[in-house]
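2 protein chains.
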Amino acid sequence: MIKLSKKVEYAIMALQYISENSSKTNTAKEIAEKLSLPYDFLSKLLQTLMKKGLLVSQLGVKGGYMLVKQINEITVEDLMNALDERSRIVECADNDGSCCSRTEICDIRSPIMNLQEQINNIFKNTTIANLKNNI
Amino acid sequence: MIKLSKKVEYAIMALQYISENSSKTNTAKEIAEKLSLPYDFLSKLLQTLMKKGLLVSQLGVKGGYMLVKQINEITVEDLMNALDERSRIVECADNDGSCCSRTEICDIRSPIMNLQEQINNIFKNTTIANLKNNI
DNA sequence: CTAAATTCGGATAAAAATAATCGTATTTTT
DNA sequence: AAAAATACGATTATTTTTATCCGAATTTAG
Ligand code: FES
Ligand code: FES
Numbered sequence: 000m001i002k003l004s005k006k007v008e009y010a011i012m013a014l015q016y017i018s019e020n021s022s023k024t025n026t027a028k029e030i031a032e033k034l035s036l037p038y039d040f041l042s043k044l045l046q047t048l049m050k051k052g053l054l055v056s057q058l059g060v061k062g063g064y065m066l067v068k069q070i071n072e073i074t075v076e077d078l079m080n081a082l083d084e085r086s087r088i089v090e091c092a093d094n095d096g097s098c099c100s101r102t103e104i105c106d107i108r109s110p111i112m113n114l115q116e117q118i119n120n121i122f123k124n125t126t127i128a129n130l131k132n133n134i
Numbered sequence: 000m001i002k003l004s005k006k007v008e009y010a011i012m013a014l015q016y017i018s019e020n021s022s023k024t025n026t027a028k029e030i031a032e033k034l035s036l037p038y039d040f041l042s043k044l045l046q047t048l049m050k051k052g053l054l055v056s057q058l059g060v061k062g063g064y065m066l067v068k069q070i071n072e073i074t075v076e077d078l079m080n081a082l083d084e085r086s087r088i089v090e091c092a093d094n095d096g097s098c099c100s101r102t103e104i105c106d107i108r109s110p111i112m113n114l115q116e117q118i119n120n121i122f123k124n125t126t127i128a129n130l131k132n133n134i
C-alpha cells in the first residue's frame with residue numbers, strides 16, 4: 000500500500016506541463032484536456048497548490064496558473080504535503096505517543112519512524128523535474 | 000498516502016512475538032491478546048503468511064504458528080508481497096503499458112518506476128528484526 | 001469416542017479513504 | 001454585458017482497507 004495518490008500523480012503531470020508552457024498562463028481546462036485528466040478534480044488540486052504557494056493563479060478570462068518555482072525546486076514531498084491528508088506510514092508514527100492503546104507494549108514505533116524517515120528522504124530528494132522523461 | 004497496511008503492521012508485531020516465543024507454537028488467540036490486536040483479522044493474516052510459506056501452522060488443540068525463517072531473514076517487502084494486494088506507487092507503473100489511456104502522452108511512467116524501485120529497496124533491505132526496538 | 005481448542009475458508013459487512021462531480025459565486029477581459 | 005476563468009463549498013460515488021461472522025476440518029486430551 001505504498002502508492003502515490005492521484006492528486007500527486009496528476010499534480011506531477013500538471014506541473015511538468017505548466018513548466019513546458021511557462022510563457023503563458025495555463026488554464027485548468029487546457030491542462031486537463033491535453034493530459035486527459037478529469038477537469039473538476041484537477042481544478043481542485045491546482046487550487047490547493049495555489050493556496051499552498053506552489054502555483055500562482057490569475058482570475059477571469061485569460062486567467063490560469065503559473066509556476067512560482069522551477070520544477071527542479073519542487074519535490075514530490077512538497078506535493079504530498081500540499082495534497083495528501085496523511086503521510087505517516089503507520090498511525091502510530093506521529094510524535095506524541097497518543098496514537099493507540101498499544102503504546103506501552105509496542106516495540107516497533109521508534110524503528111518504524113526511522114523507516115519512515117528513509118522513505119521521506121526519497122520523496123524529499125526527488126524533484127518534479129527528476130520525474131520527467133527525457134527520451 | 001505512503002503507509003503500511005494494518006496487515007503488514009500487525010504482521011511485523013506478530014512475527015516478532017512469535018520469534019520471542021519460538022520454543023512453542025503460538026496461537027492466533029494468544030498473539031492477538033498479548034498484542035491487543037483484533038483476533039479475526041490477525042488470524043486471517045497469519046493464515047495468509049502460512050500459505051505464502053512465511054509461517055508453518057499446526058492444526059488442532061496445541062496448534063498454532065511457528066516461524067520457518069528467522070525474523071532477520073524476513074523483509075518488510077516479503078510481508079507486503081504476501082499481504083498487500085497492490086504495491087505499485089502508481090497504477091501505471093506496471094510492466095506492460097496497458098495501464099491507462101495516457102500511455103502515449105505520458106512522460107512520467109518510466110521515471111516513476113525508478114522512484115518505485117528506490118522505495119522497494121528500502122523495504123527489501125529492512126528486516127523484521129531491524130524493526131525491533133532494543134531499548 | 002467425545003469434547004475442546006485450534007486452524008481453515010468463504011462470505012460479508014462496516015468503515016475509511018480516495019476520487020470525482022456539481023452548482024454557484026467571483027473576478028477579469030473584451 | 002457577456003464570456004472565460006478561477007474559487008469555494010457541498011455532496012456523491014467508488015474503491016480500498018479493515019474487521020467480523022460462521023461453519024468446517026483437524027488434532028489433542030481425557
Ligand atoms: S501500535 Fe501504537 S504504538 Fe505501536
Ligand atoms: S498515466 Fe498511465 S502511463 Fe502515465
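Residue numbers (numbering that gives the first Met the number 0), protein chains in the order written: chain L, 0 to 134; chain A, 0 to 134.
In this text, a Cβ means the ideal position worked out from N, Cα and C, and glycines have one as well.
Owing to the predicted nature of the structure, the values given are computational and were not obtained by experimental measurement.
The three-state reading of DSSP puts Leu-114(A) in helix, counting H, G and I together.
One thing to note: Leu-45(A) has its Cβ within 8 Å of the Cβ of Ala-13(A).
The continuous stretches of beta strand (DSSP E) do not include Val-75(L), which lies in the alpha helix (DSSP H) extending over residues 75 to 82. The beta carbon of Ile-121(L) sits closer than 7 Å to no other beta carbon from its chain once the five residues preceding and following it are set aside. At the C-beta level, Val-7(A) and Met-112(A) stay beyond 8 Å of one another. Put simply, the CB of Ile-11(L) is near chain A, with a gap under 8 Å to one of its CB atoms.
In the DSSP annotation of this structure, Leu-3(A) is not part of any alpha helix (DSSP H), being labelled neither H nor E. A direct Cα-Cα distance of roughly 20 Å separates Thr-47(L) from Lys-23(L). Tyr-9(L) has its alpha-carbon roughly 45 Å from the corresponding atom of Thr-26(A). By the 16-neighbour rule on beta-carbons within 10 angstroms, Gln-69(L) is exposed. Secondary structure of Thr-126(A) (DSSP, three-state): strand. DSSP places Asn-25(A) within a strand segment (E or B) once states are collapsed to three. Straight-line measurement puts the Cα of Leu-34(L) at about 48 Å from the Cα of Ala-31(A). Using a CB distance cut-off of 8 Å, Gln-15(A) counts as an interface residue toward chain L.
With its beta carbon less than 8 Å from one in chain L, Ser-109(A) belongs to the interface. Secondary structure note for Gln-57(L): its beta strand (DSSP E) is the uninterrupted segment 54 to 57. Per DSSP, Leu-66(A) lies in no alpha helix (DSSP H); the unbroken beta strand (DSSP E) holding it starts and ends at 63 to 66. At least one heavy atom of ligand 2 lies less than 7 Å from the C-beta of Ile-107(A). Against Lys-131(L), the close residues of chain A are Asp-106, Ile-107, Pro-110, in the order they occur along the chain (beta-carbon pairs closer than 8 Å).
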